[in-house]
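What follows is a set of notes on a single structure, which appears directly below.
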Amino acid sequence: MPRREDIEKILLIGSGPIVIGQACEFDYSGTQGAKALRDLGYDVVLVNSNPATIMTDPELVRRTYIEPLDVPHLTAIIERERPDALLPTLGGQTALNLALELHGSGVLSKYGVQLIGAQVDAIRKAEDRLLFKEAMARVGLESPRSGYARSLEDAREIVKETGYPVILRPSFTLGGQGGAIVETPAEFERKVLWALSQSPTHEVLVEESILGWKEYELEVIRDKNDNFIVICSIENIDPMGVHTGDSITVAPAMTLTDREYQRLRDQARTVMLEIGVETGGSNVQFAVDPKTGRVLVIEMNPRVSRSSALASKATGYPIAKIAAMLAVGLTLDELENDITKTSAAFEPTIDYTVVKGPRFAFEKFPGADDTLGTQMKSVGEVMSIGRTFPEALQKAARSLETGKAGFVSLRDRVDYRVLAQRQEDLRDLAFDAPPATKPRPTLPPPSPEELKAALRQVIKRPVADRLFYVGDALRAGISPEEVHEITKIDPWWLSQMMRIIEHETRLRQASELTRELLWESKRLGFSDAQIAELRGQTQDDILALRKQKGLNVVYGRVDTCAAEFPAYTPYLYSTYETHTESDVSDRKKVIILGGGPNRIGQGIEFDYCCCHAVFALRELGIETIMVNCNPETVSTDYDTADRLYFEPLTLEDVLAICEEEQRKGEVLGVIVQFGGQTPLKLAVPLEKRGIKLLGTPADAIDRAEDRERFDALLSKLGLERPLAGIAKDPAEALAVARNIGFPVLVRPSYVLGGRAMMICANEDELIDYVGVAVDAARDEGLEPTLLIDQYLKNATEVDVDCISDGRRAVIGGVMQHVEEAGVHSGDSTSVLPPHTLDPEVIAEIESHTRALAVELGVVGLMNVQFAIKDRRVYVIEVNPRASRTVPFVSKATGRPLAKLAAQLMVGKTLDELGVYDQPLPTHVAVKESVFPFNKFPGVDTILGPEMRSTGEVMGVSLSVALAFGKAISAAGARLPSAGCAFISVQPEDKQLACLLARRLRNLGFSILATHGTAEALARAHVPAERVNKVAEGSPHIVDAIRDGRVQLVINTTHGAKAIRDSYSIRRNTLQMGIPYFTTVSAAVAAVDALEANAVLAEGQVSGVRSIQEWHARMLQSQ
Amino acid sequence: MTQAFLALADGTVFEGRSLGADGQSTGEVVFTTGMTGYQEVLTDPSYTGQIVTMTAPHIGNTGINREDSESGEAPYVAGFVVRDASPLVSNWRSEEDLATYLRRHSVVAISDLDTRALTRHIRDHGSQNGCLGTGNPDDLVDLARSAPSMEGLDLVSRVTPKARYEVSEGLAEWSPEVMAERLVAGNGSPLRVIAMDFGTKRNILRCLVDSGCHVTAVPAHTSAAEILAENPDGIFLSNGPGDPAAVEFAVKTVRELLGKKPIFGICLGHQLLARALGATTYKLKFGHRGLNQPVKDLATGKVEITSQNHGFVVDVDSIARVARSTHLHLNDGTSEGLEAPDARAFSVQYHPEAAAGPHDAFYLFRRFTDLMRG
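Protein sequences appear in the order of chains Z and R.
The first sequence runs contiguously to residue 1118 in the numbering used here.
The second sequence runs contiguously to residue 10374 in the numbering used here.
See below:
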């Protein structure tokens, strides 16, 4: 059947900012979907609030709206665009929920918009736990037995059904507090009563315990003719109990016979049918009892997901693309498999093993409970491909970039006794601030028995590095059987880990590294670095030995078919076998190194830049070769670059690729500038080994990073920077800080995202912090060099992105931060163009930037951070590479900086490209950050020099205030139009707070304030009600927040004690979903936005406009 | 572990380690792309005379259990090639590990071989004879070259049972709800089916039983007269190994049965029915072996994901002259099913009984019982 002709214009909704649980996999799926629909001839209108996405590139579709993903804005867009259909299945939960809301509010019917891809009933049945359970029961499928109890009697009734053990989950508690497992009837009553008492609604979910069961996922596709295919089966190494996003997972499933697997397939098909997913991709999760094989259906998602992105990358089957085509009426048998040119109506089969490893960021959130559970906590992931599981596991371990060369022992960096001693967290996560981090004590080495005892304790609890701890437990001599008993990890996985561990011993003990031993090592996935460590040699020694013995890596193809058919797409992975399939071309080519796993400080922005490098070079006829290991991204779509190596971004892996590609054709060079810190770390090592880097020379990076050389650079140009110094231990740090004067900003060198960065107000804070920072550096395997800077209080921070061809530099955009210097630039709200800086200062900033670019010989991108205090411009940092803000600037100005930069890097000049400075935009773009605090109970939400945001949104409008309003809404806050505003500010903010309070009162808000602020308000004649601080006793401010009496919170504070004391205000505000501002400058912006919104009618939004229109408007004005 | 080799008739040699029994074994080297079901492959009589390569790298993870055998207990493959043999079995139904099973049944097998390179070689150069084992690779090449060609080889006579037998075993707990619904053919009295066993897979007979049939399996050499003398409701033609052209005796029997009773054929059964009707068969370059093979039902336009294992195929064009083509392979357009309405006969090239494989085509058993009930 051909594509539907009754629809022409299709609205596609993206997933918004990157948050935990919804990351760039939806950029990947949205981009695929948009391209597919566009290529079928549809007019695609796209909405996404996230500017850092490829899908919001203005060239992709005709109309792209970077607007808040909420009903009012979507309504305005629908009213304006009048699409025929809405495709909500490619934008994650956000898009599905929004589609339901748009349906519920009657917008879709009012404008005659059809939902395609998923119908309302199907979405509801899949999303509502009770409806889902009922649906499963109707078709004879089992789900975990459970029920809600409001009394002990209720619970007794339910447990008759479920049997023991049961899990008690009190409703509406934070982070699963009060939950318990009941093993026997004897403890039933006590635990149920306690659980009931923990729930504010006195309600407990009593659920059959399936902790420790095997967990599987099937990624499936169905079309409107009821054709059904399974794309991929996935088995979790972590058994039931850990969110699948936080689990280490493997494709294909490894421990099911065909009968058992086909049973899951049959059930998945039944689930699709019963839920009513007519077309598209879904995933179905199962739990299987390892003792009996009993199967339970856990959940299904009637849309593409993180797992479907993984399945697409794992098999080469583009689920989102196919799903989009099926949504417009095509059927599977009409579609072609791009890779093999055979039918798309088939089930991929793979002849390699895929491992997905989650990447966590707990170090950014001191106080967070790092136990893995049903709430997802990881911020990114890697995927690795090897022929066998041990090989893939080791590749995944080194892809994660957590300082591990493979599935290594952590004995030298973890004291298991300290880990084992971790007390159950007794603090009240809503009231007690996290305890201050102290430097770790050093203990004498443990005895073997001490170690075993500690490990037995440690591996019980699922945490980020548990698999490595399990490895150490096996190394310490705890039997696989016992490890299985403790962890419930399937014995098969443990047996495979034992292969690695036993081989380590062979490697360590062998008198000589024979060819056979090396071959065996490489086939088990050992990296050269890992072998070197075990043999007491260097990585280069091992490489040389391998060369001498002729042991080279080969490349296999991801071909969807286990080599049954030739693969036409060079989607490659390395392994150690007898034949290579790299089939290197004789073209001119460039290798682009991607950004690796998403983590805080390094995310989708860098993937965006890498993709743009590909687009730019392709236009110039240069072959593009992408190297990356992040399965969520657009860059690892086989359709993006000409060639894709799905590989870890380590020196060994990258060098091997360079060598492979150099066999034929001409490698013009490697781009390390675009993927963030990951490839940048490889710059010097690659260059040392004779690999040509494109663009800015590595020496320029060094001049910008090395303190002394940086100082020399600045004095040469006559630029000013805050006072600074370097220290390697507490004593040195103290000396430097005394010299500079407190407060100082301290951070370790060479770390992205402000890891372990802090403003220290006094000597005690500094000494404490230096200890912690040294630990952090050691965790990353780095030298603990500390950079200490003078902290410019109340300075305005500015970010500039520019491009340069080495002779001339062009400003891409100047962004003013709303929050004063001290809040990490990645976390701050930015305004382009600057909203309060005067033109002279801006001109000075621009000229400094140009001078720096030319002096450093930058070829490509450069980002400079400035602080402006009393009209004096200080240079804070120079980064001669792509920055996080490149996509935002590009979307705001319509100038594709990364793309231009890539062209400069292969020798084009700005003149050739016709790129000159352009006037400031005629609109205002605001970038707002999005934080994962709601996923981390017990963490303070106050902003500081340590970056903690996971994503960003953009608001565009004609005025600063309206753009702010959009950005704040897009970030998820619902700004109230009236109600009660709570204000509690530090003394120096009191004056501004009084102004704010008056403006809020004018808008119709009442004001609630704590003692000090209330007095200041009274002096300024602003009426306000006084409320107790928590320490002053009930009824206090947190009571008021919890009672729903507060609609807006402005809370600024300074100093360790005051911050701790006001922790519960911020935490409870967050929990209640109340918009809050922890800097007075952000609060001012919010009040500006409120005033601007106040003139709009109820439910109205300020004009929505596509970015293509904004850009056109800008050009017209020139 | 001992070094072992797989030598192909074209002189290519692949290296690995000995996994199963000692010794050497020759056969046609083929690959199957199923990621599950190695036990079903080992015990499928259609693999007689073949050295089977599993493209999935980890084999043996779930061990061997009695329930999942597709024939008696013993394997039929001439040799077995895997990339990585599991050091440990993890499955609640497992009774034995793979290596022990292979050794117990004297199956020569090899592991740690570059199965992907081998598969690509077969794909590019076609299936060919090979010799698997320890020893001098040159000698193995010679042995591979002296092995008989699969074409024209009657392997059915090697695997067909000596005597008739009754079948009463069904799918039991492995029959999912959906399947059960498709299989059970109303409340009528049991249908009597004679199954010609050319090397049948056990699951076909189970599916027939669950469809309400009383199944009697008979040896391949049973004459049409003997079969018709029993006055069955229908006749089933099973799968089996080798070249359909080499078993003219069976084609003749089928020709004599045509039009007398409803007939259903699977795999070799499909090829025999086609030849009996006057169509022709030929050998594919490397066959279809796997669990992901897409087949289009020409009547409904729907796609079935099917389990396949065949090296020979019916010439689609030759069907047109004698019967109706009902199913086609979506990738290469080869014959996957035919129907001769006048003769009340139909057949498919693929395996609706799955085992291993997806259950998409179970409806065919229902079609057979409907045909028998008229």
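All C-beta atoms, glycine included, are put in the ideal place defined by N, C-alpha and C.
The C-beta of Z:ARG807 has fewer than 16 other C-beta atoms within 10 Å across all chains shown, which makes the residue exposed. In the structure shown, Z:GLY406 falls within a coil segment according to DSSP collapsed to helix, strand and coil. Shown here, Z:LYS549 sits in a helix according to DSSP, grouped into three states.
Comparing C-alpha distances from R:LEU10143 to each of R:LEU10330, R:ALA10245, R:PHE10005, R:HIS10351 shows the shortest one belongs to R:PHE10005. Against chain R, the beta carbon of Z:PRO290 has neighbours under 7 Å at TRP10092, listed in chain order. Within the same chain, ASP223, ASN227, ALA344, ALA345 come within 6 Å of Z:LEU332 by CB-CB distance, once the 5 residues on both sides are set aside.
Per DSSP, the unbroken alpha helix (DSSP H) holding Z:LYS133 starts and ends at 129-138.
Uninterrupted alpha helix (DSSP H) stretches at least 4 residues long and entirely within the segment 10213-10285 of chain R occur at 10224-10229, 10248-10257, 10268-10277, given in chain order. For R:LEU10328, DSSP records a beta bridge to R:LYS10296, R:SER10335. Going by DSSP, Z:GLU299 is part of the beta strand (DSSP E) stretching over 295-301.
Under the 8 Å Cβ criterion, the segment 366-374 of chain Z does not count as touching the segment 10047-10067 of chain R, having fewer than three qualifying pairs. DSSP, reduced to helix, strand and coil, places R:GLU10095 outside both helices and strands of the structure shown, so it counts as coil. Considering only beta carbons, the part of the segment 10323-10338 of chain R lying closer than 7 Å to chain Z consists of LEU10330, ASN10331, in chain order. By the Cβ criterion, the segment 10256-10269 of chain R is not in contact with the segment 10295-10305 of chain R, since fewer than three pairs of Cβ atoms, one from each stretch, lie closer than 8 Å.
Within the segment 10049-10062 of chain R, the residues whose Cβ lies closer than 8 Å to some Cβ of chain Z are THR10055, ALA10056, PRO10057, HIS10058, ASN10061, THR10062, listed in chain order. Counting along the chain, Z:LEU419 sits inside the alpha helix (DSSP H) bounded by residues 416-420. It is roughly 13 Å from the alpha-carbon of Z:THR560 to the alpha-carbon of Z:ILE385.
Unbroken alpha helix (DSSP H) stretches of 4 residues or longer found wholly inside the segment 819-865 of chain Z: 839-856, given in chain order.
Boundaries for Z:SER146: no alpha helix (DSSP H) harbours it, while the beta strand (DSSP E) harbouring it runs 146-149, taken from the DSSP string. The three-state secondary structure of Z:ILE158, taken from DSSP, is helix. Cβ contact annotation for Z:LEU40 (same chain, cutoff 6 Å, sequence separation greater than five): ARG3, in chain order. Here Z:THR1069 carries a helix assignment [DSSP, helix/strand/coil]. Using a Cβ-Cβ distance cut-off of 8 Å, the segment 792-801 of chain Z and the segment 868-882 of chain Z are in contact, since at least three pairs of beta carbons, one from each stretch, lie closer than that value. Taking 8 Å as the cut-off, the beta carbon of Z:TYR769 is found no closer than this to the beta carbon of Z:THR53. Residues of the segment 573-595 of chain Z with a C-beta atom less than 7 Å from some C-beta of chain R are GLU577, THR578, HIS579, listed in chain order.
Against chain Z, the beta carbon of R:LEU10088 has neighbours under 7 Å at PRO491, TRP492, SER495, listed in chain order.
Here DSSP, grouped into helix, strand and coil, assigns R:VAL10167 to strand. In this chain, the alpha helix (DSSP H) harbouring Z:VAL458 covers 448-458. With respect to the 8 Å criterion, Z:ILE622 and Z:LEU593 are not classified as neighbours on the basis of their beta carbons. Taking 8 Å as the cut-off between beta carbons, the residues of the segment 10266-10297 of chain R near chain Z are GLY10290, LEU10291, ASN10292, GLN10293, PRO10294, LYS10296, in sequence order. Sequence-distant Cβ neighbours of Z:ARG499 in its own chain, meaning closer than 7 Å and more than five residues away, are PRO390, LEU524. Setting aside the 5 residues that flank it on each side, R:HIS10327 is surrounded in the same chain by VAL10295, LYS10296, ASP10297, LEU10298, GLU10336, GLY10337, VAL10348, each with a C-beta closer than 7 Å to its C-beta; the list follows chain order. In this structure, R:LEU10191 and R:THR10369 form a Cβ contact; the two beta carbons are roughly 6 Å apart against a cut-off of 8 Å. Relative to Z:THR402, the option among Z:VAL250, Z:GLY276, Z:GLY596 whose CA is nearest is Z:GLY596. If you check each beta-carbon in the segment 10076-10087 of chain R against every beta-carbon of chain Z, the ones closer than 9 Å belong to ARG10083, ASP10084, SER10086, PRO10087.
Looking at the backbone, the Cα of Z:GLU820 and that of Z:ALA405 are separated by about 40 Å.
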